[in-house]
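Here the structure is laid out as structure tokens; the discussion comes afterwards.
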Amino acid sequence: MTGFERLEGRPVIVGGGIAGLAAALFLSPEPVVLVTRAPLGADGSSPLAQGGMAASVGTDDDADLHLADTLMAGDGLCDPEVARRILADGPAAVAELERLGVAFDRAADGSLALGLEAAHSRRRIVHADGDATGRALVQALTIAARACPSITVVEAEARRILMEDGAVAGLLVSGRDGGAVLRTRRLILATGGVGALFEHTTNPASSFGMGLALAAEAGAELADLEFVQFHPTALATSARPLSLISEAVRGEGALIVDRAGRRVLEAVPGAELAPRDVVARAVWQELVAGREVFLDARASLGARFATRFPSVAAGCRAAGIDPATDLVPIRPAAHYHMGGIGVDADGRSSVPGLWAAGEVAATGLHGANRLASNSLLEAVVCGRAAALSVAGTPARAPARRMAVHLPAAPDATSVRPIVSRHLGVTRDAAGLATAIARLLPLAEGAGPACAPARVGLMMAVSALAREESRGAHARTDFPAPAAVARRSRTTLERTLAEARRHAAPAFALASSS
1 MTGFERLEGR
11 PVIVGGGIAG
21 LAAALFLSPE
31 PVVLVTRAPL
41 GADGSSPLAQ
51 GGMAASVGTD
61 DDADLHLADT
71 LMAGDGLCDP
81 EVARRILADG
91 PAAVAELERL
101 GVAFDRAADG
111 SLALGLEAAH
121 SRRRIVHADG
131 DATGRALVQA
141 LTIAARACPS
151 ITVVEAEARR
161 ILMEDGAVAG
171 LLVSGRDGGA
181 VLRTRRLILA
191 TGGVGALFEH
201 TTNPASSFGM
211 GLALAAEAGA
221 ELADLEFVQF
231 HPTALATSAR
241 PLSLISEAVR
251 GEGALIVDRA
261 GRRVLEAVPG
271 AELAPRDVVA
281 RAVWQELVAG
291 REVFLDARAS
301 LGARFATRFP
311 SVAAGCRAAG
321 IDPATDLVPI
331 RPAAHYHMGG
341 IGVDADGRSS
351 VPGLWAAGEV
361 AATGLHGANR
371 LASNSLLEAV
381 VCGRAAALSV
391 AGTPARAPAR
401 RMAVHLPAAP
411 DATSVRPIVS
421 RHLGVTRDAA
431 GLATAIARLL
441 PLAEGAGPAC
451 APARVGLMMA
461 VSALAREESR
471 GAHARTDFPA
481 PAAVARRSRT
491 TLERTLAEAR
501 RHAAPAFALA
511 SSS
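Take a look at the structure:
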């Protein structure tokens, strides 16, 4: 890949989802480079988001109510001030998206149509094109980005952050014509989550945590990596990724039942609209016991299902299921990562010159369990915050030219079975120790599994250290929450040292046998 000399010194954004697109658009008119793995708008988790974007725009709602619901779902680990600031920007974010071309669904009187999702005390979910909100947002922002003369799109994979004197100096990328270096001192990662480290996930295959691996190798501090949200109602088929059945379906009255029609959550506070971690564990326990679990929308939606949820209905039809008349088989699936690169209110990481926004960042908004539909809001608000911070950071002279080796293309195939078995809906010390022992050699190697193995290892070590159950982190050997809630922090260096300490006894035992 050649011809990048003209791009030297410009801010670089990695990721073409909502957070990356928002950051690029909000940096305008400053020239910016947007690096995407695939043609703009064609990859990532953002287009798959169904339910919508949470914002306190209803006449019976306000930011304080939204904050209270968020803190309750976050189970003691949210940063209240960060959450307050992000949620307060919700109505403005909706207006900004409409300015950029997003057509949110509206009621007959012209007001925004608002949906209800689990653990929300008000109808506050704005949506577009029914249950295709993520796709509608990405399409509108992609059109705006393509029309923006200050945005240069580079189709390539980010492989390494280049450092000089402890600060970002560039980004090594790999494209159709080989490797190349984008020399920059201002880099925003908006690369999404880790769902593709799991066998059952609603995320695309590209979402295996590459942004976390890049930041970790650069020395960045990461936070809350043990908290993975499993969506309780993924369509249980052999497809990969699994089709998501939006929480909004339950908001419209659908029930979770077994084959005999018994309500699985009847005795659970909040029932079908309990927080996601609660619902996911209830469904998982049924499956572990050998019982099938279904979503029943026949009475609540019936013939209206396809009109209100066209994307979900299409996914069901592709599996030979009519949700208007049939029970819909479901299972939990890895869906969203609350952990990520530790950032401040402006998206700055601990590494000078490195920002992060969207799912790859740990802002403190989500705590131990993300409140439904807060993620799209965070992507827009924090994408803007990172852009403004980058714009306010003086551009320094480009770093010196470097000769660098292009790492192998990452491949999570060998990592996925380990993470799936030991870092799922429930965990325990024995399983986590096994995961650490199996992931460590891969993480210390130089092959295709190295980057995803490092992410899985950091998650496993963080999960082993958290000897409690809180939010989406459920330890069967420590079922109660600790007396004091604490966020976790780690680096790759600390993770490797801790993993070697845990793996040493197992290695010694194996050597003596």
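The sequence shown lines up with residues 1 to 513 when you count with the working numbering. Don't be surprised by glycine CBs; every beta carbon is placed ideally from N, CA and C. Computed from a predicted model, the values in this text were never measured in an experiment.
For Met210 and Ile13, the rounded distance between their alpha carbons: 14 Å
In whole angstroms, give me the CA-to-CA distance for Gly58 and Leu40. 33 Å
Let me know the secondary structure DSSP gives Ser206 once reduced to three states. coil
Please state the DSSP three-state secondary structure of Leu48. Under the three-state reduction of DSSP, Leu48 is assigned to helix.
Which first and last residues belong to the alpha helix (DSSP H) in which Val312 is found? 310-318
Might you give, ordered along the chain, the residues of its own chain that have their beta carbon closer than 7 Å to the beta carbon of Arg501, omitting 5 neighbours on each side? none
Under three-state DSSP, which class holds Thr152? strand
Whole-Å CB distance - Leu67 paired with Val102, under 8 Å assumed: Not confirmed; about 24 Å, so no contact.
Cβ of Glu155 within 8 Å of any chain D Cβ: You won't find chain D in this structure, because it holds only one protein chain.
Opening and closing residue of the beta strand (DSSP E) in which Met163 lies: 157-164
Give the range of the alpha helix (DSSP H) segment to which Val455 is assigned. 450-465
Taking 8 Å as the threshold (C-beta atoms), are Ile341 and Ala356 in contact? yes
Quick one: using the 10 Å Cβ neighbour count with 16 as the cut-off for buried, is Asp177 buried or exposed? Under this definition Asp177 is an exposed residue.
Closest residue to Pro204 among Ala334, Asp322, Ala303, Leu376 (Cα-Cα distance): Checking every option, the nearest Cα to that of Pro204 belongs to Ala334.
Return helix, strand or coil for Ala357, following the three-state DSSP convention. coil
Please work out which residues of its chain come closer than 6 Å, Cβ to Cβ, to Gly431, disregarding the five sequence neighbours upstream and downstream, and give them in chain order. His422
Sub-8 Å separation of Ala236 and Thr202 beta-carbons: Remark: C-beta atoms of Ala236 and Thr202 do not approach each other more closely than 8 Å.
Just mark Phe507 as buried or exposed, buried being the case when its beta carbon has 16 or more other beta carbons within 10 Å. Low per-residue confidence applies at Phe507: pLDDT is 48, beneath 50, and the placement is therefore not dependable enough to give any value.
What residue does the beta strand (DSSP E) around Ala334 start on, and which one ends it? Ala334 -> beta strand (DSSP E) spans 328-337.
Got a sec? Which residues, its chain only, sit under 6 Å from Ala213 by beta carbon, not counting five neighbours each side? Ala451, Arg454, Val455
Check whether Val293 and Leu27 have beta carbons under 8 Å apart: no
Determine, using beta carbons only, whether Leu187 and Leu295 come nearer to each other than 8 Å. no
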